[in-house]
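Numbering (this note's numbering), first residue to last: 1 to 203.
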């Protein structure tokens with residue numbers, strides 16, 4: 001299986017996804033959404049590695065659940081908002097299907113772009129092909145490189161709270177505040193480092 005999607009210039013992929021996303025945003029057409037969804041699935045099948053396609057399938061599981069919930073929302077609160085109890089209206093069914101398919105179409109485009117594009121290559125492509133100013137490009141690279149450290153810092157902060165015997169839920173925000181303090185310190189250090197390398201306000 002080829003991996004040609006990863007070889008395409010990330011800037012062109014970014015433009016392609018942006019154009020189609022804008023089109024789907026303003027055009028509520030069922031067949032257009034279905035075509036985009038099927039097209040993205042075919043692209044992942046023929047243009048990505050098998051492990052990338054399997055990863056996309058796993059990531060689509062929660063999206064399918066959300067899509068089903070959108071269908072039920074459109075089905076019960078669609079065009080005909082006061083149907084008879086137990087009745088099924090064609091208008092609400094169509095609304096529910098359209099809402100769920102639209103979500104799958106947008107999600108599939110995002111997965112095609114995210115799973116076949118390297119963050120560093122994207123930034124450098126935006127700088128070279130998209131004429132992105134150098135200070136923004138290297139600032140974005142710094143942010144991308146910080147993401148693994150932020151995740152590592154969050155795990156360390158949670159561990160530190162647990163070692164002190166403080167109980168925390170899965171969605172507790174207390175570790176987030178401590179993590180953000182270190183992130184602000186890192187941003188200051190990066191800012192000083194970039195200025196020392198010549199990346200000032202006028203660069």
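Every residue, glycine too, gets a C-beta built ideally from N, C-alpha and C.
Remember, it's a predicted structure, so these values are computed and weren't measured experimentally.
Check	Outcome
Taking its Cβ as the centre, do 16 or more other Cβ atoms sit within 10 Å of residue 138, making it buried, or is it exposed?	buried
Report the three-state DSSP secondary structure of residue 156 (helix, strand or coil).	helix
So residue 157 and residue 52 are supposed to be a Cβ contact under 8 Å. How far apart are they, rounded?	Rounded, the Cβ-Cβ distance is 32 Å, inconsistent with contact.
In whole angstroms, give me the CA-to-CA distance for residue 35 and residue 150.	38 Å
Could you check what DSSP says for residue 86 in three-state terms: helix, strand or coil?	Note on residue 86: pLDDT 44, under 50, position unreliable in the model; the coordinate value appears next. Looking at residue 86 - three-state DSSP - the assignment turns out to be coil, as it is neither helix nor strand.
Count the other C-beta atoms from every protein chain shown that fall within 10 angstroms of the C-beta of residue 40, then say buried if there are 16 or more, exposed otherwise.	buried
In whole angstroms, give me the CA-to-CA distance for residue 197 and residue 127.	18 Å
So which of 124, 120, 172 and 8 has the shortest CA-CA distance to residue 145?	120
Just mark residue 111 as buried or exposed, buried being the case when its beta carbon has 16 or more other beta carbons within 10 Å.	buried
If you follow the alpha helix (DSSP H) that residue 182 is in, where does it begin and where does it stop?	174-196
So, residue 56 versus residue 6, is the Cβ gap smaller than 9 Å?	no
Under 8 Å Cβ to Cβ from residue 179, same chain only, skipping five residues before and after it: list those, please.	150, 153, 154 and 157
Measure the alpha-carbon distance for residue 122 versus residue 12 and round it to whole angstroms.	10 Å
What is the residue span of the alpha helix (DSSP H) that residue 32 lies within?	30-47
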